[in-house]
Structures are given as C-alpha cells and as structure tokens.
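Going by this note's numbering, the letters in the sequence shown line up with residues 278 to 495, in that order.
Where a beta carbon is used, it is the ideal one built from N, C-alpha and C, also for glycine.
What follows is a short report on a single structure.
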Amino acid sequence: MNKNDILNAYQSRHACKEFDANNKISADDWSFLLDTIRLSPSSFGLQPYEVLVIENQDVLNELRPYVWGGQKQLPTASKTVLFVTKRDVTVDDEYFSHIVRDIQDTPSELLAMRKDLVNNHQLQQIKIGEDIRYLDDWAAKQAYIALGNVMTAAAMIGIDSCPIEGFVRDEVEKVLHKNNIIDFSKYQLAVFCCFGYRLTDPARAKTRKPLTELVRNI
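Right, here's the structure in full:
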C-alpha cells in the first residue's frame, strides 16, 4: 500500500448513515479489525477499556430507541461495538497490577519504578488529586485512539464505519445492566461504532479545513 492508497482510504471514509444489511463483514476481516484495536497505542500501554461486540439482536433492539445517533446504523450494520472504559485505574487498582505484571511481564525489580512513574503522571498531569473523574476522561481518550485506528483500518480494506456518540447514557446503562452485560461500578460508557458496507455513497463530497487553517509551524 502506497501513500496515495492510504490517502484515498481517508478520503473515502465517511460516517456511514445506513449500511447494506445484506452485505456482511467476513470473519477474517473482522478478526483483523479487532486486532487493530488490540494493537492500538494507549498511555503506558494500559488499555483502560474493553470492546463489547453486540451480537444479540434482542439487546440491539432494546438499545436502539436510546441510541438516537444510530437509528439507521444499528439495524443495518454488520457489526456494532461499544467501547467501555475502566473506572479508577490507579496504581493501587488490581487492573493496573494485572497489566504491568501479567500482560507486560514487567520484571519484579522494575515494578516499583513503573508504579511511581504512572502515579506521578496521574497526579501531576491528569490531576486526579483534584477530581478522580479526570481519570475517567483520560480512559476515554485512550479508547478514542483505538476507535480512530480501527475506523482507518476498516477504510483501508473497504469497510465502512460510523462512530456514534449520540445516545441517552442513563437509558443505555439500564439496558446493559438489565441484561447483566456490564457492572457500572467498574465501567463507564465511551462510544458506539458500527461497521459494514455503505448502502449508498454520500450525497455530498467530503469537506475539511485546508492545511493552512489547520497547521501552524512555530
């Protein structure tokens, strides 16, 4: 893939408003896209989020009235995912210990240094001492990095997508809680994203600011 191919993928990518419900993403392509999420960067490699692939049609039907930004997407998409983020991922949380010890295989003699590094970042940069909810904002930022990567990867292999922030948070939480899908004492909602193949091309050409309005060299 050359640079023009990459730019063409960016140019053709759009927030798909309705998918072709009869055109499904192959298992191989879907596995590839999930791997792009898994391999996406995150602060300190902590990946403070999970991805719920919502395959249960009954759950999708229950969610739809409350996902006002996805009224055409949810019933037609080949795949619908919901990024949820971990709450309160401090260095004292078991999740942090699991990642640095079991996933990152940090040598025991470096664990204390690693803990201090992350703790200082959370105190000085994220400022969790002022409000622990700042940590939730930080976690959502990490999820959005993965979201951007998977949408770009999808475009590069001809798969369309649509991120959806338009939903009634309290009602979506009720549906997921009722179906025993998620414990909201440990997680919070971040963003939906639908994937599939466009039913029609966009009515209008893509518009973006020129580089002269976007980039400043200092």
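Item, Value
"Report yes or no: do three or more beta-carbon pairs, one from the region 400-416 and one from the region 353-370, lie closer than 8 angstroms?", "yes"
"Cβ atoms of S289 and A432: under 8 angstroms apart, would you say?", "yes"
"Using the Cβ count rule (16 or more neighbours within 10 Å means buried), how would you classify T489?", "exposed"
"Rounded to whole angstroms, what's the CA-CA distance from M390 to G435? Just pull it up for me.", "44 angstroms"
"May I ask which residues mark the beginning and end of the beta strand (DSSP E) holding I441?", "D437 to I441"
"Any idea which residues DSSP pairs T429 with across the strands?", "DSSP output for T429 lists no bridge partner at all."
"Would you list the residues sitting across from F245 in a DSSP beta bridge?", "Residue 245 cannot be examined here, being either before or after the span of the chain that is shown, 278 to 495."
"So, is D447 buried or exposed, given that buried needs 16 or more other C-beta atoms within 10 angstroms?", "exposed"
"For C439, which residues in the same chain have their Cβ closer than 6 angstroms to its Cβ, ignoring the five residues on either side in sequence?", "A292, C293, Q350 and C471"
"Are the beta-carbon atoms belonging to V452 and V358 less than 8 angstroms from one another?", "no"
"Flag this pair as yes or no: are the beta carbons of V427 and V395 separated by less than 8 angstroms?", "no"
"Taking the alpha-carbon positions, what's the D297 to A354 distance?", "7 angstroms"
"Do you know how far the Cα of L316 is from the Cα of E407?", "32 angstroms"
"Nearest CA to the CA of L323: which residue from D379, L491, L387 and G425?", "D379"
"If we call anything under 8 angstroms between Cβ atoms a contact, is L310 one with A420?", "no"
"For the region 297-376, list the beta strand (DSSP E) runs that are entirely contained and at least 3 residues long, ordered along the chain.", "326-330 and 356-363"
"Which same chain residues end up closer than 8 angstroms to I331 when comparing Cβ atoms and leaving out the 5 residues on each side of it in sequence?", "L337, L340, T357, V358 and L359"
"Do A467 and I314 have their C-beta atoms closer together than 8 angstroms?", "no"
"Apart from the five residues on each side of it in sequence, which residues of its chain come closer than 8 angstroms, Cβ to Cβ, to Y464?", "E327, V361, T362, K363 and R364"
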